[in-house]
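The next block holds one structure in the form of structure tokens; read it before the comments.
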């Protein structure tokens with residue numbers, strides 16, 4: 001368990017093979033799932049960490065398999081895409097078909113529907129180079145064009161479109177100059193593309209982007225929607241920034257970057273404490289930044305909709321890896337007692353008291369930058385991380401169509417109370433069980449939805465999403481008769497047992513779906 005052998009997967013429906021990569025193991029397993037009751041490993045390919053790098057993601061389209069790997073030297077250097085032919089049942093070894101360079105720290109890869117384009121999200125994360133010097137490479141998207149004849153061509157797109165757009169969330173600009181080891185980063189350096197999905201017609205790619213760290217010191221971090229624009233665009237969602245960018249796939253031009261509205265919790269329940277004795281959903285005048293990760297597209301009529309798993313994300317820099325120590329989050333109690341909140345702006349003494357109580361909101365990890373006023377040097381609101389659910393957006397206007405509100409936490413408490421906001425932690429698997437870890441993520445991001453998929457069966461549309469921490473899967477039907485998607489909760493499922501320690505559950509084959517990272 002936690003050997004890092006199954007982090008991302010891609011399915012070949014023609015040969016009924018599942019390709020699974022593990023960053024830590026350096027392996028790609030090809031699993032024959034033609035008999036789902038008895039899957040078998042048909043082939044294994046080992047990547048060399050010192051020569052190839054670490055496999056970060058895998059995609060399959062037609063007869064081609066593409067695996068994206070980080071640099072074998074340091075994450076701040078360029079990665080590569082390795083190509084293979086799909087495996088048939090008559091074969092026992094993968095056939096290598098070449099490689100191409102991509103940007104620094106590639107995190108995700110996908111094809112367009114016709115298999116003629118490959119898009120790679122290059123995060124360009126901050127780190128130390130081979131000389132142990134600070135490096136902050138730009139985040140980019142690599143577009144590989146598969147030609148009918150000859151070698152493929154490559155196009156790299158950056159996010160310089162965001163330069164001067166001061167309404168975007170930029171936490172790095174709140175890092176004190178005596179801590180940040182370089183000149184202030186540009187928006188292009190801050191951009192971190194995280195996830196990519198392409199529209200069914202192949203005209204639009206929706207790319208989940210993270211930004212390294214973004215918020216101008218002298219500007220408000222308030223969110224808003226940017227202008228509408230036309231088709232043939234890719235969408236880039238900035239998880240750390242809480243934003244979505246649009247990229248024109250025909251011209252390879254970044255057209256806009258749009259911030260995602262904050263989620264308000266005044267009328268919705270959440271459990272913000274891991275020290276309140278269990279599941280206790282209450283209403284607080286809190287805000288949260290949704291920071292979506294996994295995103296899928298649903299088409300209703302002629303309109304595309306983005307469905308986002310609003311996972312949340314912390315920023316933490318360490319001296320050993322990045323050259324300095326800094327994080328964008330802190331316990332609400334510590335910030336409150338340190339007089340970091342503007343009590344006049346919040347104007348709610350009951351809530352201020354709740355922000356110091358462990359059984360209320362005092363344990364909640366909140367942002368040290370959201371709502372920061374450089375003149376008062378205080379926070380005008382308490383904002384935590386992640387939406388604790390999923391959202392649906394109109395892909396053209398990026399207006400919010402649906403939010404799951406507090407339903408995920410409510411359904412978990414009702415149907416699987418033993419694992420409400422539970423977790424699976426590598427360092428505790430020999431002495432902690434899922435039930436023992438109940439409520440331990442309430443002070444962080446709660447259920448932390450990290451994966452989702454949309455499927456149609458006999459003209460019925462379904463959405464399946466999963467909690468990375470509790471291992472619970474949530475099934476929704478989606479009614480589209482009104483012309484736009486309306487989700488309805490149908491059921492929840494959790495495999496495995498809960499009352500043995502994680503290592504024992506693994507040996508018993510009862511660990512269930514721990515650390516869900518992909519659904520498809």
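Numbering (the UniProt record's numbering), first residue to last: 1 to 520.
Built from N, CA and C at the ideal position, the CB exists for glycine as well.
Residue i, DSSP secondary structure in three states
| i | result |
| --- | --- |
| residue 421 | coil |
| residue 484 | coil |
| residue 492 | strand |
| residue 225 | Below a pLDDT of 50, predicted positions are generally treated as unreliable, and residue 225, at 24, falls in that range; no measurement from the model is reported. |
| residue 173 | helix |
| residue 99 | strand |
| residue 504 | helix |
| residue 291 | coil |
| residue 41 | strand |
| residue 429 | coil |
| residue 196 | strand |
| residue 47 | coil |
| residue 219 | Note that residue 219 has pLDDT 31, beneath the 50 cutoff, so the model's placement of it is unreliable and the number below is only indicative. Coil. |
| residue 406 | coil |
| residue 517 | coil |
| residue 283 | coil |
| residue 437 | coil |
| residue 52 | coil |
| residue 22 | strand |
| residue 389 | strand |
| residue 473 | strand |
| residue 413 | helix |
| residue 127 | strand |
| residue 246 | strand |
| residue 74 | coil |
Outcome for residue i when other beta-carbon atoms lying within 10 angstroms are tallied against a minimum of 16
| i | result |
| --- | --- |
| residue 498 | buried |
| residue 85 | exposed |
| residue 482 | exposed |
| residue 337 | exposed |
| residue 277 | exposed |
| residue 375 | exposed |
| residue 242 | buried |
| residue 502 | buried |
| residue 355 | buried |
| residue 212 | For residue 212, the predicted structure reports a pLDDT of 41, less than 50, and the residue's modelled location is therefore unreliable. A value from the coordinates is still provided. Under this definition residue 212 is a buried residue. |
| residue 266 | exposed |
| residue 460 | exposed |
| residue 430 | exposed |
| residue 228 | Note that residue 228 scores 26 on pLDDT, short of 50, meaning its location in the model is unreliable; the coordinates nonetheless yield the value given after this. Residue 228 comes out exposed. |
| residue 471 | buried |
| residue 36 | exposed |
For residue j and residue i, believed in contact at Cβ under 8 angstroms, the rounded distance
| i | j | result |
| --- | --- | --- |
| residue 144 | residue 100 | 6 angstroms |
| residue 492 | residue 411 | 6 angstroms |
| residue 56 | residue 12 | That pair is no contact at about 19 angstroms. |
| residue 59 | residue 10 | 5 angstroms |
| residue 122 | residue 103 | 3 angstroms |
| residue 448 | residue 469 | 5 angstroms |
| residue 462 | residue 476 | 7 angstroms |
Limits of the unbroken alpha helix (DSSP H) element including residue i
| i | result |
| --- | --- |
| residue 384 | Per DSSP, residue 384 belongs to no alpha helix (DSSP H); it is in the beta strand (DSSP E), 383-385. |
| residue 337 | 332-337 |
| residue 6 | Note, residue 6: premise wrong, no alpha helix (DSSP H); not H, not E. |
| residue 105 | Run containing residue 105: none; DSSP gives neither H nor E here. |
| residue 352 | 349-354 |
| residue 345 | 343-346 |
| residue 321 | 319-322 |
| residue 187 | 187-190 |
Unbroken beta strand (DSSP E) run spanning residue i, endpoints
| i | result |
| --- | --- |
| residue 78 | 78-85 |
| residue 304 | 303-310 |
| residue 57 | 55-61 |
| residue 453 | 449-457 |
| residue 29 | 27-32 |
| residue 365 | 365-367 |
| residue 255 | 253-259 |
| residue 119 | 117-122 |
| residue 460 | 460-467 |
| residue 154 | 153-157 |
Cβ of residue i within 7 angstroms of any chain C Cβ
| i | result |
| --- | --- |
| residue 302 | The chain inventory of the structure shown lacks chain C, comprising one protein chain alone. |
Legend entry - Cβ contact (3+ pairs, closer than 8 angstroms) linking the region 414-428 and the region 324-332: no
Legend entry - Cβ contact check for the region 391-398 and the region 430-442: 3 or more pairs under 8 angstroms: no
Inset, instruction - Assess, as a yes-or-no matter, whether the region 337-349 is touched by the region 302-311 under the definition of 3 or more beta carbon pairs within less than 8 angstroms. - result: no
Inset, instruction - Could you tell me whether the region 158-177 touches the region 120-139, where touching means 3 or more Cβ pairs closer than 8 angstroms? - result: yes
Inset, instruction - Take every Cβ of the region 361-372, pair it with every Cβ of the region 286-293, and state whether three or more of those distances are shorter than 8 angstroms. - result: yes
Inset, instruction - Tell me, please, whether the region 39-55 touches the region 114-124 by the rule of three or more beta-carbon pairs shorter than 8 angstroms. - result: no
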